[in-house]
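Okay, so here's the structure we're looking at.
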Amino acid sequence: MRRKLAAGNWKMNGTGASLDELTTLARAHPTPTSDILICPPATLIHSAVKVASDTAIHIGGQDCHADQKGAHTGDISAEMIKDAGATYVIVGHSERRQDHNEQNENVRAKARIAMDTGLTTIVCLGESLTEREAANTLDITGGQLSGSVPDAATGHNLVIAYEPIWAIGTGMVPSLGQIGEVHDFIRARLERRFGPGVGRSVRILYGGSVNPGNAADIFDVPNVDGALVGGASLKSADFSAIITALEASI
Ligand code: PGA
């Protein structure tokens, strides 16, 4: 039985005052039946961990460098994220792949060091609109899956997030059938590569314009084990409604 996961990605949003949203969220979900994760910007990880201590909320980073340490101005390492008290990290988000030209090989190295450091690693995959329209979705996501996920993956240290690029921040969402097709495909690929035990235990999140209005339907799709939520995770009321929908789907 996979424990569901509601993950919020604040992206480049938030200052100290935003931590009030975290406090409100924690109060609304004192004993959740799913895992709840907030990934604030790196500057807020340490204080978010403090605010979330003694609550059920996990804190994560949004990216880490592939190297353990060294001369990489502006980057942060997996160890720094862990040292700040976080337990998860996102790697390979499409905004990183696009803004920083990150390739599968680099994402895989980041995931590897994150796993070695003991962080649960959310590896993001997803096709562009052009790739979807050319019927290349499964080829692209399959290639990203094999290229970006290290061999060290287990059900404990790996989470996959399927995030069609064209659905991120646009209000456009694939049909439930399209979501189901990709999630079933990812599940089958994971089982083939890692065997049924590990393959069935990795959680697969959907991400891209999830909101309180569409969450319940998305969570009913088989092999959707939760969501990676951007915009709607910034307001605790919206994210709370998504968590409630997730827990109702269990
Ligand atoms: P969105 O972002 O919910 O704002 O579409 C999702 C994501 O990029 O993780």
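Note that my numbering has the sequence shown beginning at 17, numbered continuously upward.
Each residue gets a CB set at the ideal place from its N, CA and C atoms; glycine is no exception.
Being a predicted model, the structure only gives us computed values, none of them experimental.
Nearest-residue set for ligand 1, Cβ under 6 Å from any heavy atom: ASN25, GLU179, ILE184, GLY185, GLY223, GLY224, SER225, VAL226, LEU244, VAL245, GLY246, GLY247, ALA248
Contact under 8 Å by Cβ, GLY76 with CYS55: yes
Check whether VAL107 and THR137 have beta carbons under 8 Å apart: yes
Nearest to ILE52 (by Cα), restricted to the options LYS85, ALA102, ALA87, GLY187: ALA102
Given 8 Å, three or more beta-carbon pairs between the region 212-224 and the region 178-194: yes
Buried/exposed call for GLU37, threshold 16 Cβ in 10 Å: buried
One or two residues paired with GLY77 in a DSSP bridge: VAL105
Bridge partners - LEU141, DSSP secondary structure assignment: TYR178
Under the three-state DSSP convention, the category ARG208 falls into: helix
Same chain, Cβ closer than 7 Å to PHE210, neighbours up to 5 away in sequence not counted: ALA169
Distance CB(ILE13)-CB(VAL123) smaller than 8 Å: This structure cannot settle anything about residue 13, because the visible part of the chain is limited to 17 through 266.
Buried or exposed by the 16-neighbour rule on C-beta atoms within 10 Å, applied to HIS172: exposed
Which of helix, strand or coil DSSP assigns to ARG112: helix
Opening and closing residue of the alpha helix (DSSP H) in which LEU41 lies: 35-44
Same chain, Cβ closer than 6 Å to SER144, neighbours up to 5 away in sequence not counted: ILE181
Cβ-Cβ separation, VAL198 to THR153 (assumed contact under 8 Å), whole Å: 6 Å
Backbone secondary structure at ARG216 - three-state DSSP: helix
Check whether LEU141 and TYR178 have beta carbons under 8 Å apart: yes
For GLY223, the residue or residues it bridges with in DSSP: LEU244
Segment contact flag, the region 66-76 with the region 109-129, C-beta cutoff 8 Å, min 3 pairs: no
Opening and closing residue of the alpha helix (DSSP H) in which GLY254 lies: In the sequence on display, residue 254 carries Asp and not Gly. Counting along the chain, the alpha helix (DSSP H) containing ASP254 begins and ends at 252-264.
Spatial distance of ARG43 from LEU206 (CA atoms): 36 Å
Extent of the continuous alpha helix (DSSP H) run through ALA232: 231-235
N- and C-terminal bounds of the alpha helix (DSSP H) containing ALA127: 120-133
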